[in-house]
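Below, the structure written as structure tokens:
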């Protein structure tokens with residue numbers, strides 16, 4: 008029997024607000040422990056939460072981008088449990104009346120587009136962090152009260168590849184909206200997965216397990232792949248799936264049992280009495296809707312349509328809003344779209360990947376790339392020379408012209424100069440010239456190489472080719 | 144009259160006319176504390192040094208409470224002063240922040256005399272649940288002062304301060320005010336900021352004044368009321384000048400008497416004093432009619448589900464991790480268990496367990512949600528009644544002050560003491576208790592006046608005019 012997987016995801020996205028969700032403390036990452044705290048976020052007696060308006064705006068933005076219905080009336084609720092990093096003994100979250108419901112995201116895997124339902128999106132506060140030392144445990148509450156969105160999908164995902172594609176699309180949307188930086192490794196985007204299997208064609212849902220600690224994009228597919236295979240193996244061996252929470256262990260590449268259903272917490276949710284119900288006016292939603300940026304799907308379609316880019320190029324260029332905007336600026340400055348795309352998808356992306364930098368962090372700006380392309384087009388430098396100087400342009404921010412001038416890289420297009428050089432090389436390599444004339448034409452490359460070597464790559468390759476062909480015929 | 148027995152407005156007059164200096168007033172209060180506090184035990188912390196420091200700062204200033212010595216219930220946070228909630232678990236807790244109410248009092252120049260005793264975390268009706276000691280009723284020191292604000296009401300009655308602040312979740316200002324023969328006002332939910340009030344049940348808690356007369360209560364209410372950005376549940380409504388409204392006519396005020404409040408278990412002496420008072424109000428020109436609040440019988444049960452549910456969550460933060468008491472332990476679970484087992488008293492534990500149970504999976508619908516629904520019905524009872532009348536009058540308590548130890552072993556009997564005050568909190572309404580007589584043992588009897596939401600002025604002016612036409616409020620306990 009063949010089995011199909013049924014997967015639902017629960018995503019936590021840390022919001023990029025300046026301050027925490029219920030107090031004025033900074034949300035900056037990486038400060039000294041317990042320096043970004045106040046009586047409210049460390050749960051002192053008698054203090055009260057005050058909702059950060061930006062968090063509501065970010066939630067509405069996200070909900071709209073994911074095609075959700077925005078609730079005109081929503082409530083906060085307390086989720087009660089004891090843990091040292093949870094200073095109040097409860098987390099302020101939403102339960103019965105979340106701010107966004109019933110949305111969807113479309114994903115494409117192997118050319119097939121599928122719709123994944125979003126059950127709900129709600130706002131909540133993050134907990135702090137426990138730090139375990141050799142003989143004691145310490146608590147850092149800097150993160151306590153940092154705003155989160157919890158995004159819950161319907162069990163619409165059918166494979167690890169789809170889950171991965173979903174996460175990528177979700178991340179792209181969150182980053183487009185500038186509400187979350189989407190960094191799974193640093194924990195600003197977290198993903199838990201509910202997984203079950205069932206015989207292909209069946210409508211029933213099998214017993215599910217919840218997979219936690221999937222702390223990198225690479226592991227979304229890996230962890231789900233492992234868990235699905237594990238469940239199939241259990242069933243094939245005549246066993247039963249136990250409803251439980253399992254932890255992904257990236258070192259062993261396995262999921263491990265963490266707690267069973269019986270050990271699950273009873274969170275005793277009830278409406279948060281310290282906050283009044285949230286009433287959201289239609290005008291606020293409309294205002295936010297009007298200000299939404301163009302989202303990845305729309306942008307990609309437009310790039311294919313307006314710039315005649317291949318799907319592949321458009322897909323990659325629109326994964327990040329800042330990259331798409333960089334591209335469009337270069338095109339606006341007069342460069343040919345496909346030409347800009349080629350350079351971005353190769354040299355520039357490679358640099359970004361290697362350094363882990365964002366495109367807005369590098370010194371190369373679109374006008375400088377356009378200038379470089381102009382130098383090629385005008386014959387001042389060859390494409391190869393351009394390739395060699397681009398990394399320097401990226402890392403130093405210097406202009407192409409400056410580097411070309413300083414290093415004397417201006418292309419040699421002077422025909423008489425190049426003819427003299429070709430004559431010299433042919434006389435030094437008479438054997439090869441003979442072989443070429445006898446039909447071994449692939450030796451042309453050898454001669455071009457010699458010329459380039461002699462000119463340190465500055466010879467205009469087009470002219471060199473012409474001269475060589477003429478002289479060798 | 145002894146200086147320590149004066150109210151706020153009297154004292155302001157004495158100081159303004161130069162008859163008494165602020166030092167003399169403060170000295171008189173501390174001398175009084177010296178002579179009676181052993182018998183009354185109203186305070187958890189007496190803050191004499193702080194009071195004289197504040198006197199230096201306030202002297203010559205023109206605030207509405209210039210140099211007026213007040214006591215504050217010890218569940219209201221004051222920066223740099225221990226705030227214990229009369230609980231061992233917060234014995235060493237000193238808040239680094241100031242409650243909004245005391246900040247507003249400070250802006251008007253008050254002097255902090257001390258932090259008053261309460262039932263631990265405001266859970267109780269006698270102060271016997273205090274983790275430190277039981278406060279005595281100044282009228283009969285073998286009796287309870289009521290609770291949970293029993294320390295504040297006893298301090299006011301005994302002349303250990305000119306007035307005080309308390310908090311009221313189910314009657315915790317009004318019931319002890321009735322037992323101690325003073326005025327206690329619970330404002331409308333949302334009228335006064337809760338920021339800095341250590342939460343017992345967030346949707347019911349409200350801070351209010353405890354005073355020697357109604358005019359003082361009106362003055363204090365005006366100062367502590369109003370929207371506070373730090374408390375999202377505080378109402379963004381204009382606060383009236385209550386003092387100026389006290390003498391407005393009450394001839395067109397319609398008074399409702401709920402028949403459900405005159406029941407078995409109501410002490411005949413209390414009943415007769417309340418009925419006399421109602422007749423007296425009639426003679427002052429109010430019209431009186433019987434009304435019905437049909438869901439009154441469900442109030443106590445409803446309250447004990449909702450209040451304990453919220454409390455079980457509100458008190459989760461006392462875990463030994465961050466502040467307050469922490470028990471010696473070998474691991475995390477033991478730390479939680481021992482800290483809470485040793486830090487909390489029996490009544491607090493009882494309520495945490497009740498609330499935890501009511502919120503548990505499988506019980507939530509039957510208890511918490513049902514109670515919320517009944518709460519709505521109780522509120523609707525009042526809405527309906529207030530279509531016919533302007534204020535509602537009831538006894539504050541079914542009996543006068545009981546003996547220390549009399550009810551402590553029977554929680555249900557203790558809970559029934561709040562039977563007349565609890566509905567008001569569930570409905571979020573304002574209510575005031577004022578002295579309306581004494582029983583044959585010489586113990587004070589309280590009259591409760593309940594108003595429409597955010598209509599404190601009606602109950603204040605009726606209470607004031609009743610008070611001024613009687614002598615009850617002038618009596619002082621024979622300490």
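Protein chains in written order, with the numbering used here: chain A, 8 to 480; chain B, 144 to 622. In this text, a Cβ means the ideal position worked out from N, Cα and C, and glycines have one as well.
Item: What do you get for residue 328(B), buried or exposed, if any count of 16 or more other CB atoms within 10 angstroms of its CB means buried?; Value: buried
Item: Can you tell me the Cα-Cα spacing of residue 286(A) and residue 72(A), whole angstroms?; Value: 20 Å
Item: Should residue 77(A) and residue 292(A) be called a contact, given that it needs their Cβ atoms to be closer than 8 Å?; Value: yes
Item: Work out the CA separation of residue 356(A) and residue 40(A) for me, nearest whole Å.; Value: 36 Å
Item: Indicate the three-state DSSP secondary structure (helix, strand or coil) for residue 256(B) in the structure shown.; Value: strand
Item: What does a CB cutoff of less than 7 Å around residue 510(B) pick up in its chain, not counting 5 residues either side in sequence?; Value: 448, 501
Item: Strictly under 8 Å for the Cβ-Cβ distance: is residue 621(B) near chain A by that measure?; Value: no
Item: Exposed or buried, what is residue 381(B) when buried is set at 16 or more other beta-carbons lying within 10 Å of its beta-carbon?; Value: exposed
Item: Between residue 511(B) and the ligand GDP, is the CB less than 7 Å from at least one heavy atom?; Value: Absent from the structure shown: the ligand GDP. Ligands present: none.
Item: Determine the contact status of residue 284(B) and residue 326(B), defining contact as a CB-CB distance below 8 Å.; Value: no
Item: Just reading off the alpha helix (DSSP H) that residue 423(B) is part of, what are its end residues?; Value: 411 to 426
Item: So the candidates are 413(A), 191(A), 227(A); which of them puts its Cα closest to the Cα of residue 14(A)?; Value: 227(A)
Item: Could you tell me which uninterrupted alpha helix (DSSP H) segments, each at least 4 residues in length, are contained entirely in the stretch 464 to 547 of chain B, listed from first to last along the chain?; Value: 475 to 486, 489 to 502, 513 to 528
Item: Check residue 509(A) in the structure and name its three-state DSSP category.; Value: Chain A is shown only over 8 to 480; residue 509(A) falls outside these bounds and no answer can be derived.
Item: Please list the segments of the beta strand (DSSP E) lying wholly inside the stretch 212 to 250 of chain B, counting only runs of 3 or more residues, in order along the chain.; Value: 212 to 216
Item: Short of 7 Å Cβ to Cβ, which residues in the stretch 324 to 358 of chain B face chain A?; Value: 337, 338, 339, 340, 341, 342, 345, 346
Item: Residue 279(A) to residue 497(B), Cα distance in whole Å?; Value: 18 Å
Item: Could you tell me whether the Cβ atoms of residue 289(B) and residue 265(B) are closer together than 8 Å?; Value: no
Item: Beta-carbon within less than 6 Å of residue 485(B)'s beta-carbon, same chain only, minus the 5 sequence neighbours each way: which residues are those?; Value: 470
Item: Which two residues bound the contiguous alpha helix (DSSP H) that contains residue 199(B)?; Value: 191 to 201
Item: I'd like the span of the beta strand (DSSP E) that includes residue 3(A), first residue to last.; Value: Past the edges of chain A, shown from 8 to 480, lies residue 3(A), and the structure says nothing about it.
Item: Could you tell me if residue 317(A) is buried or exposed, where buried requires 16 or more neighbouring beta carbons within 10 angstroms of its beta carbon?; Value: exposed
Item: Buried or exposed: which applies to residue 95(B), given that a residue is buried once 16 or more other Cβ atoms fall within 10 Å of its Cβ?; Value: The question about residue 95(B) has no answer, for chain B in this structure spans 144 to 622.
Item: For residue 86(A), which option in 104(A), 208(A), 274(A), 201(A) has the closest C-alpha, if you only look at C-alpha atoms?; Value: 274(A)
Item: So, for residue 176(A): in the same chain, excluding its five sequence neighbours on each side, which residues have a beta-carbon less than 6 Å away from its beta-carbon?; Value: 112, 114
Item: Can you list, in chain order, the residues of the stretch 481 to 510 of chain B whose Cβ is nearer than 8 Å to any Cβ on chain A?; Value: 499, 502, 503, 504, 507
Item: Show which residues of chain E have a CB atom less than 9 Å away from the CB atom of residue 525(B).; Value: Protein chains in the displayed structure are A and B, and chain E is not among them.
Item: My parser needs the alpha helix (DSSP H) runs of 4 or more residues fully inside the stretch 211 to 287 of chain A; what are they?; Value: 224 to 243
Item: With a threshold of 6 Å on Cβ separation, who are the neighbours of residue 499(B) within its own chain once the five nearest residues in sequence on each side are excluded?; Value: 455
Item: Please list, in chain order, the residues of the stretch 35 to 55 of chain A that have any C-beta partner in chain B closer than 8 Å.; Value: 46, 49, 50, 51, 52, 53, 54, 55
Item: Leaving out five residues before and five after residue 74(A) in sequence, what residues of the same chain have Cβ atoms less than 6 Å from its Cβ?; Value: 110, 111
Item: Is there a Cβ of chain B sitting closer than 8 Å to that of residue 142(A), yes or no?; Value: no
Item: Give me, in chain order, the residues of the same chain whose beta-carbon lies closer than 6 Å to that of residue 578(B); leave out the 5 immediate sequence neighbours on both sides.; Value: 324, 587, 615, 616
Item: Whether or not the stretch 271 to 286 of chain B and the stretch 453 to 470 of chain A are in contact is what I'm after, with contact meaning three or more pairs of Cβ atoms, one per stretch, closer than 8 Å; do they touch?; Value: no
Item: Of all Cβ atoms in chain B, is any one closer than 8 Å to the Cβ of residue 206(A)?; Value: no
Item: On the criterion of 16 or more Cβ atoms from any shown chain inside 10 Å, does residue 362(B) qualify as buried, or is it exposed?; Value: buried
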